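Novice: Protein chains in written order, with my numbering: chain E, 3 to 482; chain V, 372 to 480.
#1: Would residue 432(V) and residue 447(V) be called neighbours here (beta carbons separated by less than 7 Å)?
#2: Does residue 431(V) get closer than 7 Å to chain E when you measure Cβ to Cβ?
#3: Taking only three categories from DSSP, how would you classify residue 257(E)?
#4: Residue 147(E): which of 337(E), 456(E), 364(E), 462(E) sits nearest, CA to CA?
#5: For the putative contact between residue 173(E) and residue 295(E), defined by C-beta atoms under 8 Å, what is the C-beta separation to the nearest angstrom?
#6: Suppose you measure from the CA of residue 454(E) to the CA of residue 86(E); what does that come to, to the nearest Å?
#7: Please tell me whether residue 150(E) and residue 278(E) are closer than 7 Å, where the distance is taken between their beta carbons.
#8: Is there a Cβ from chain E that is less than 7 Å from the Cβ of residue 466(V)?
#9: Report the CB separation of residue 202(E) from residue 259(E) in whole angstroms; it is logged as a contact under 8 Å.
#10: Is the segment 90-107 of chain E close to the segment 407-422 of chain E, with three or more CB pairs under 8 Å?
#11: I'd like to know whether the C-beta atoms of residue 297(E) and residue 200(E) end up nearer to each other than 7 Å.
#12: Nearest chain V C-beta to residue 27(E) closer than 7 Å, yes or no?
#13: Would you kindly report the start and end of the unbroken alpha helix (DSSP H) that includes residue 179(E)?
#14: How far does the beta strand (DSSP E) with residue 225(E) in it extend, from its first residue to its last?
#15: Under 8 Å Cβ to Cβ from residue 12(E), same chain only, skipping five residues before and after it: list those, please.
#16: Between the C-alpha atoms of residue 402(V) and residue 416(V), what's the straight-line distance to the nearest angstrom?
#17: Just reading off the alpha helix (DSSP H) that residue 267(E) is part of, what are its end residues?
#18: What is the DSSP secondary structure of residue 320(E), reduced to helix, strand or coil?
#19: Tell me, please, which residues DSSP counts as bridged to residue 193(E).
#20: Going by C-alpha distance, which of 94(E), 22(E), 152(E), 429(E) is nearest residue 141(E)?
#21: Consult DSSP for residue 263(E) and reduce its assignment to one of helix, strand or coil.
#22: For a contact meaning CB atoms closer than 8 Å, what does residue 422(V) contact in chain E?
#23: Can you tell me the Cα-Cα spacing of residue 427(E) and residue 111(E), whole angstroms?
#24: Whose Cβ in chain V lies nearer than 9 Å to the Cβ of residue 16(E)?
#25: Of all Cβ atoms in chain V, is any one closer than 7 Å to the Cβ of residue 24(E)?
#26: Tell me the rounded alpha-carbon separation between residue 138(E) and residue 281(E).
#27: Are the C-beta of residue 11(E) and some C-beta of chain V separated by less than 7 Å?
#28: Count Cβ pairs between the segment 369-379 of chain E and the segment 63-73 of chain E that sit closer than 8 Å; are there 3 or more?
#29: Answer yes or no: do residue 361(E) and residue 109(E) have a C-beta to C-beta separation smaller than 7 Å?
#30: Might you give, ordered along the chain, the residues of its own chain that have their beta carbon closer than 6 Å to the beta carbon of residue 383(V), omitting 5 neighbours on each side?
#31: Among 238(E), 182(E), 459(E), which has the Cα closest to the Cα of residue 370(E)?
#32: What does the Cβ neighbour count give for residue 83(E), buried or exposed, with the cut at 16 atoms within 10 Å?
#33: Residues of chain V with CB under 9 Å from residue 60(E), in chain order?
What follows is the structure, encoded as structure tokens:
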């Protein structure tokens, strides 16, 4: 295959660039020697023969460069060359380099930190299956909004809904861990039997609740968090199906949640609940106190807007305690679980994100000024290079590479700054962010940081300062 | 006496391929050969030969080998690859068509 041969040739010249260049040099030298020999044979003096050969050949350096260009790695060689040169010139002005890099590190680092939070809270979907199809349903009455719902309301909504294929409820209270040993106070989740499967596809061990576990005559069953199972029962798998002491009664452990399962529910909801048991959804008692957080799973093809319209209709059909009249002013509000969870911080986060954007702009402006001052100081260098034949494009490329190098080093330092800033944010975060795992290394954050660096370097001056006034042709070439 | 004509743009590849189609040659010999055969009319700008050779090599139409010349010096010899032979046929056909067309125009007017 021709293209595989070509690829192989290109790779060879990349990795054996030095040898290939030497060969090219030898090849040209051989040619010149042949021509010189021929010229001498024709009667020229050695000196004249050499000059004549050089003349017929043309510019040796240029020919070699043109030949090397055909190897396809010229841009790479020049890029590497520019990088080396850029690193050297940064080392030569450590004051400038330190200030520029620190400025960039602060500017980019602040963005990295805030973006980490934005990414974790607003962009990354909640770690649940079908996270985009999960909704939270709040009950509201009169001036009360975002209230928990009664089992009767849940029953009625379930009866009528066409937009949700599952609606479950949970209430978290305090309780103790089941099993022998010192009583340990933990969070206990009282759930409908379908609640856990909505958020967690399968348990780490055993099973979740089924309808029969809700019954008044069924043995009391509990599901444990992974942590509780490890702490209380030493991660003993044989505990499944066994009856353990639970307060004054006893309960059968039927399942264990996965280790990484967490709750991301709004309003100070704890992220870890250690014990769950199921209660029936009783539709026989209209009225009744509200106590359930309702989480719904939308049917395929449905969306929050349609679910809300349906909930509005259902709200008018739910009767009050005597079963005859509608509850006046009952409202059901459907929000996407993700949006509702971060409702309180969303605005603040976006504001902060905008703010650090401006910090970066200011940082870039400062570094751009430093670079401008530096380019005037480098007048001698650029003028000499231009005089030696470097094209304007080549000089611009060199400056672009240097700027990119500066920004890349700044971005590396920014990762450190960002990490420190993130620690500070974590220490001061509002309760609604407590559940989020913000310190997970994330490729998106890394990519964002380096993208910022590239954008930042685009702000910088990439125009070489050259002065070639006819009145003072050589003044900039002189070394002072 | 006119100056030797510059090579018609783009025909250098064809000349190189043709010149080494019979036996491997080094760069200097290729330049000499082209000049000789064409009766000194075509003067290859000697330097421009090398970028062309390297480009053809990167296209895998020709391959090179370092070997000794008759005088015992090491030189880089170029020879055609199978792909190069096919390319030579293609370019020869193109050239024939082009020169026939030009003949036609020149002779009828």
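Even for Gly, the Cβ is constructed at its ideal location relative to N, Cα and C.
All of these numbers come straight from a predicted model, not from anything done at the bench.
Specialist: So, to answer that:
#1: Here residue 432(V) is taken as the residue at index 61 of the second chain, counted from 1. Here residue 447(V) is taken as the residue at index 76 of the second chain, counted from 1. For the pair residue 432(V) and residue 447(V), the CB atoms are not nearer than the 7 Å cut-off.
#2: Position 60 of the second chain, counted from the start, is the residue given in the question as residue 431(V). It does; some Cβ of chain E falls within 7 Å.
#3: Residue mapping note: residue 257(E) aligns to position 255 of the first chain, counting from 1. In the three-state DSSP reduction, residue 257(E) falls in the strand class (E or B).
#4: Translated into the one-based positions of the first chain, residue 147(E) becomes position 145. The candidate whose alpha carbon is nearest that of residue 147(E) is 337(E).
#5: By 1-based counting over the first chain, the position of residue 173(E) is 171. By 1-based counting over the first chain, the position of residue 295(E) is 293. Approximately 7 Å separates the beta-carbon atoms of residue 173(E) and residue 295(E); this is inside 8 Å, confirming the contact.
#6: Here the question's residue 454(E) lines up with position 452 in the first chain. Here the question's residue 86(E) lines up with position 84 in the first chain. A straight-line Cα-Cα distance of about 23 Å links residue 454(E) and residue 86(E).
#7: Walking along the first chain from the start, residue 150(E) turns up at place 148. Walking along the first chain from the start, residue 278(E) turns up at place 276. No, these two residues do not count as a Cβ contact at 7 Å.
#8: Working through the second chain from its first residue, we reach residue 466(V) at position 95. By this cut-off, residue 466(V) is not an interface position.
#9: The residue you call residue 202(E) lines up with position 200 of the first chain. The residue you call residue 259(E) lines up with position 257 of the first chain. Their Cβ separation, rounded to whole angstroms, is 6 Å, which keeps residue 202(E) and residue 259(E) in contact under 8 Å.
#10: They touch, by the three-pair rule.
#11: Residue 297(E) sits at position 295 when you count from the first residue of the first chain. Residue 200(E) sits at position 198 when you count from the first residue of the first chain. Yes; because the gap between Cβ atoms is below 7 Å, this pair is in contact.
#12: Stepping through the first chain from its first residue, residue 27(E) is reached at position 25. Contacts with chain V at 7 Å (Cβ-Cβ) do not include residue 27(E).
#13: The residue you call residue 179(E) lines up with position 177 of the first chain. Element bounds for residue 179(E): n/a, residue is neither H nor E.
#14: Walking along the first chain from the start, residue 225(E) turns up at place 223. Note, residue 225(E): beta strand (DSSP E), 223-226.
#15: In the first chain, the residue the question calls residue 12(E) occupies position 10. These residues qualify, in order along the chain: 73, 74, 75.
#16: Here residue 402(V) refers to the residue found at position 31 of the second chain. Here residue 416(V) refers to the residue found at position 45 of the second chain. Approximately 8 Å, taken between the alpha carbons.
#17: In the first chain, the residue the question calls residue 267(E) occupies position 265. Here residue 267(E) belongs to no alpha helix (DSSP H), and DSSP marks it neither H nor E.
#18: Along the first chain, one-based indexing puts residue 320(E) at 318. Of the three classes helix, strand and coil, the one that applies to residue 320(E) here is coil, per DSSP.
#19: Here residue 193(E) refers to the residue found at position 191 when the first chain is read from its first residue. 172(E), 280(E).
#20: Locating residue 141(E) in the first chain gives position 139, where the first residue counts as 1. Comparing Cα-Cα distances from residue 141(E) to each of 94(E), 22(E), 152(E), 429(E), the minimum goes to 152(E).
#21: Residue numbering aside, residue 263(E) sits at position 261 when the first chain is read from its first letter. Correct three-state label for residue 263(E): coil.
#22: Translated into positions along the second chain, residue 422(V) becomes position 51. The contacting residues are 65, 68, 69, 71, 72.
#23: Locating residue 427(E) in the first chain gives position 425, counting from the first residue. Locating residue 111(E) in the first chain gives position 109, counting from the first residue. When only Cα atoms are considered, residue 427(E) and residue 111(E) end up about 13 Å apart.
#24: The count along the first chain starts at 1 and reaches residue 16(E) at position 14. Simply none; closest approach about 12 Å.
#25: Counted from its first residue, the first chain places residue 24(E) at position 22. No, residue 24(E) does not count as interfacial toward chain V.
#26: The residue given as residue 138(E) occupies position 136 in the first chain. The residue given as residue 281(E) occupies position 279 in the first chain. Rounded to whole angstroms, the gap between the alpha carbons of residue 138(E) and residue 281(E) is 19 Å.
#27: Position 9 of the first chain, counted from the first residue, corresponds to residue 11(E). Output row for residue 11(E): interface = yes.
#28: Using a Cβ-Cβ distance cut-off of 8 Å, the segment 369-379 of chain E and the segment 63-73 of chain E are not in contact, since fewer than three pairs of beta carbons, one from each stretch, lie closer than that value.
#29: If you number the first chain from 1, residue 361(E) lands on position 359. If you number the first chain from 1, residue 109(E) lands on position 107. Going by C-beta atoms, residue 361(E) is nearer than 7 Å to residue 109(E).
#30: One-based indexing of the second chain puts residue 383(V) at position 12. Shown here for residue 383(V): same chain residues with a beta carbon closer than 6 Å to its own, the five before and five after excluded, namely 423 in chain order.
#31: Here the question's residue 370(E) lines up with position 368 in the first chain. For the set 238(E), 182(E), 459(E), the Cα lying nearest the Cα of residue 370(E) is the one of 459(E).
#32: One-based indexing of the first chain puts residue 83(E) at position 81. By the 10 Å Cβ count, residue 83(E) comes out exposed.
#33: As a position in the first chain, residue 60(E) is number 58, starting the count at 1. Under the 9 Å cutoff, chain V gives 416, 417, 418, 419.
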